[in-house]
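Numbering (my numbering), first residue to last: 46 to 981.
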């Protein structure tokens, strides 16, 4: 693989960088660059004295790319000179705050606070403003600083402190201190302090916390390891005087080479949020899987697939291609053990990454000589055990529908949906591999794996669950195994399984990437409108609740009770690049720009526009140069597409477009023009020869060639009359109130009762109940109705299913929170008692929940019944959320409530007619005392 240009940035900005003034900017010394960007002089404070692990930003141009308002990345417009060592990270210092809070509020004077923080809330355009005000603290307090967005950073400050002062600091991705990240500060020089939470210094940081306290006894012996303590003997005033606060953030010195813009601002923001999350997780020679240090901050082959895909569309360059190549070699499990290769899906995701790298880079020799035999090893293993019933797939996702995380123990096998989704993934990888083999000239191997794919497709279609028993994840993966599903089966899934806004979002956007791909592979108007709405539902939540990156886990339901910056249930990572696949999808599917041949020696442009989404612009950098596609649908249903490319390619105009009132308008092919000349169409067969299975069904597109080396303008017209067969009865299918999905309609209802307290057992437990921890020897009191076949309360995670600890709180006849006991279980100590199962161990990952499974007997179904759960908190801070699911499909069936403020007891009631799973997600402790049943 060779690049046509040594440096794409010099090429793109050669007119700009030729000026002397810019070359002066680009070749500033590291010290000068520090002053330029960190604006230390703006605050009139001394230089920071802590040595940094990487040099400050240098040899950069701060405005050689456009400033993108929708991007969270403060360096989105930056480029670096071609001679910069991109294998060495750089750092920048920021003082710019979004907000601050002091607890208690009177601990520091308001005037002092305003003077100190005012300029630190200003934009960088105020660099020349000088501020000499310091922050003086004379009493115990906590200072919370919100830096506005997440960075890969560490916290530094300049401070003078009295001998009897104690200052601790913490950091977090959310507005509560992250577990085990509170430390004493390490001192450097006279006044510089740094919070050091791990050997690499950086964490995912949006919030920092300072805990300041004073004692009467002066203690000068408390010194953290390897550094002087803040309790120094240096003479300081009888207070803590904060001279400056800052974050030092690391960054890999590479620029954005791809871009995306949509008429929907949220989609533009989505693209850049995904790209920024990947950028923050770039290391010198590879990618990490998580920004916060929690023990898994390494390159992982499966997690890395969306990360690699996004890097290839947002940052494509020779350096990034080499980095991807390096990561592929590091995480190749075909001949060696790598992190998490025991997860059977992960080597398959690695295969897709390797195939995608080949298509984008055109690195023929590497693909043929190394990647092809390694992919064969990995794929052949899965062909050999395809649909094996006891296959130990280990993990397929955090969603309960695919096993709720780890599922490989004797007491914990992965469920059927996970196995079906995995089988479809194997077929998809065979398909993709065959296509890449064909493109690389390995025809015999291509035919072999195409045949294997066809054979496995037939086997999958014969399982008893196909197609009606396939859930969201399995159905999506079948659609990604292009050619497996018939048109009727696709239509069935698009109108049922994949047409529910309540269930469409997976519990992690890693799995959501494959669901989004399924919509794109179906590709018609209905599927694309669903895709766009699913992005708003499944990724939009994270942009409302966080700033900077996409998360490890999320749910649209969390918008009911979380605000920006709040700590989410389950404590997921807030910067997890495995959730960034949407960026790739927006470029390749909505923008429609993909390689028609490896290395983009020919390109394909099949963008999607409609009345709900009238314009999109996509740019990608390729080994051949920059390709830009910009398309707009006007109000009169005329379409104009601008294509700039150094190479020729195929453009596909959709044969119908979604217009007004949900109507589909046909393309007037005789009015299609290329550079003012009537277009000469390419046949479907010819287009399929070039694009293989990426052309949709016959008649879906009007294909034409555009030349390379110049700009081309394609014009066409839709209408003037809509297709009669979609009006009026089918219009709502294409354009509903939610632009794709029908209206939200939960199959179950819920209520909260804060007034009945313990006596609610008499109402909610008419048919039966279980009282946790109230029985003999700390066991349960269980009197379940006949229609409850089974009830379990367990935790689930890496160790498998484990029992939840029971605890008896005590007896009290005067406390209304306690539950009334029957005469058989009452004690001489009281007629009311309280026990519970509980959980409060933040940091346990997937174990950070309790699963309550209630199985309803098929023979004794009572119709709709009430399942009620009683909670009694220890503290006003206790809170948790509950995912309410069907007990068989694990689809969400009701809104997700937040249970908080329940020291006085609260009942949650679910009305449903089938088995139920309640997943209690820890936030600040889960305390469950009873489960009760009533069908009256």
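The C-beta atom is built at its ideal place from N, Cα and C for all residues, glycine as well.
Using the Cα positions of residue 232 and residue 866, report the straight-line distance between them to the nearest angstrom. Distance between the alpha carbons of residue 232 and residue 866: 59 Å.
Taking 9 Å as the cut-off, decide whether the C-beta atoms of residue 518 and residue 291 are in contact. The criterion of a C-beta distance shorter than 9 Å is not satisfied by residue 518 and residue 291.
From residue 504 to residue 584, what distance separates their C-alpha atoms? Residue 504 and residue 584: Cα-Cα distance of roughly 34 Å.
Between residue 434 and residue 502, what straight-line distance do the alpha-carbon atoms span, to the nearest angstrom? If you draw a straight line from the Cα of residue 434 to the Cα of residue 502, it is about 17 Å long.
When you compare each of 736, 240, 125 and 234 to residue 44 by their alpha carbons, which one comes out closest? Residue coverage of the chain in this structure runs from 46 to 981, which leaves residue 44 outside it and unanswerable.
With DSSP collapsed to three states, give me the class of residue 489. Residue 489 sits in a helix when the DSSP states are folded into three classes.
Exposed or buried, residue 111, counting other C-beta atoms within 10 Å across all chains shown (16 or more means buried)? In the assembly as shown, residue 111 is an exposed residue. Its beta-carbon has fewer than 16 other beta-carbons within 10 Å.
Just the Cα atoms here: how many angstroms apart are residue 103 and residue 125? Note on geometry: alpha-carbon atoms of residue 103 and residue 125 lie some 8 Å from one another.
Going along the chain, which residues of its own chain have a beta-carbon closer than 7 Å to the beta-carbon of residue 607, five neighbours each way excluded? Around residue 607: 590 and 613.
What first and last residue would you give for the beta strand (DSSP E) that runs through residue 136? Judged by DSSP secondary structure, residue 136 falls within the beta strand (DSSP E) whose first and last residues are 135 to 139.
Quick one: what does DSSP say residue 217 is sitting in, helix, strand or coil? Residue 217: strand per DSSP, three-state reduction.
Rounded to whole angstroms, what is the Cα-Cα separation between residue 286 and residue 609? Residue 286 and residue 609 have their C-alpha atoms roughly 30 Å apart.
N- and C-terminal bounds of the alpha helix (DSSP H) containing residue 418: Its alpha helix (DSSP H) spans residues 417 to 429.
To the nearest angstrom, how far is the alpha carbon of residue 131 from that of residue 114? Spanning the two alpha carbons is a distance of roughly 26 Å.
Taking the Cβ atom as the reference point for each residue, do residue 243 and residue 363 lie within a distance shorter than 9 Å? For residue 243 and residue 363, no; Cβs fall outside 9 Å.
Going by DSSP in three states, residue 799 sits in which element: helix, strand or coil? Coil, per DSSP.
State yes or no: is the C-beta of residue 814 within less than 9 Å of the C-beta of residue 976? Between residue 814 and residue 976, the gap from beta carbon to beta carbon is short of 9 Å.
Beta-ladder partner(s) of residue 822, from DSSP: None; residue 822 has no bridge partner.
One question on the structure: do residue 688 and residue 305 come within less than 9 Å of each other, judged by their Cβ atoms? Cβ atoms of residue 688 and residue 305: not closer than 9 Å.
Sufficient close CB pairs (3 or more, under 8 Å) joining the region 735 to 750 to the region 685 to 701: At 8 Å Cβ cutoff, the stretches touch.
Pop quiz: residue 250 and residue 200 are said to be a contact at Cβ under 8 Å. What is the actual Cβ separation, rounded to whole angstroms? 7 Å between Cβ atoms; contact.
In the DSSP assignment, find the alpha helix (DSSP H) that holds residue 567 and state where it starts and stops. Counting along the chain, residue 567 sits inside the alpha helix (DSSP H) bounded by residues 554 to 567.
Can we say the region 958 to 968 touches the region 896 to 912, given the rule of at least three CB pairs closer than 8 Å? Taking 8 Å as the limit for Cβ pairs, the verdict is that the region 896 to 912 does touch the region 958 to 968.
Where does residue 395 fall in DSSP's three states? DSSP places residue 395 in helix when its eight states are reduced to three.
In whole angstroms, give me the CA-to-CA distance for residue 490 and residue 482. Straight-line spacing of the CA atoms in residue 490 and residue 482 works out to 7 Å.
How far does the alpha helix (DSSP H) with residue 573 in it reach, from first residue to last? Counting along the chain, the alpha helix (DSSP H) containing residue 573 begins and ends at 570 to 583.
Could you tell me which residues DSSP pairs with residue 203 in its beta bridges? DSSP, once it has assigned bridges, lists 237 and 289 as partnering residue 203.
What do you get for residue 386, buried or exposed, if any count of 16 or more other CB atoms within 10 angstroms of its CB means buried? Around the C-beta of residue 386, 16 or more other C-beta atoms lie within 10 Å, and the residue is accordingly described as buried.
Under 8 Å, with one C-beta from each stretch per pair, do the region 818 to 836 and the region 870 to 882 reach the 3-pair mark? With the cut-off at 8 Å, the region 818 to 836 and the region 870 to 882 touch.
Between which two residues does the alpha helix (DSSP H) containing residue 518 stretch? In the DSSP annotation of this structure, the continuous segment of the alpha helix (DSSP H) that includes residue 518 starts and ends at 517 to 525.
Cutting at 7 Å between CB atoms, please list the residues of its own chain near residue 153, excluding the five before and the five after it. Excluding residues within five positions, the ones whose Cβ falls inside 7 Å are 147, 180, 182 and 186.
Beta-carbon proximity check, residue 470 vs residue 559, cutoff 9 Å: It is a contact, given that the beta carbons lie within the stated cut-off.
Report the three-state DSSP secondary structure of residue 717 (helix, strand or coil). If DSSP states are grouped into helix, strand and coil, residue 717 belongs with coil.
With a 10 Å radius around its C-beta and 16 neighbouring C-beta atoms as the bar for buried, classify residue 123 as buried or exposed. Per the 10 Å Cβ criterion, buried.
Test item: CB-CB of residue 896 and residue 965 under 9 Å: In this structure, the beta-carbon distance from residue 896 to residue 965 falls below 9 Å.
Sort 942, 347, 163 and 947 by Cα distance to residue 963 and report the nearest one. Here the closest residue by C-alpha is 942.
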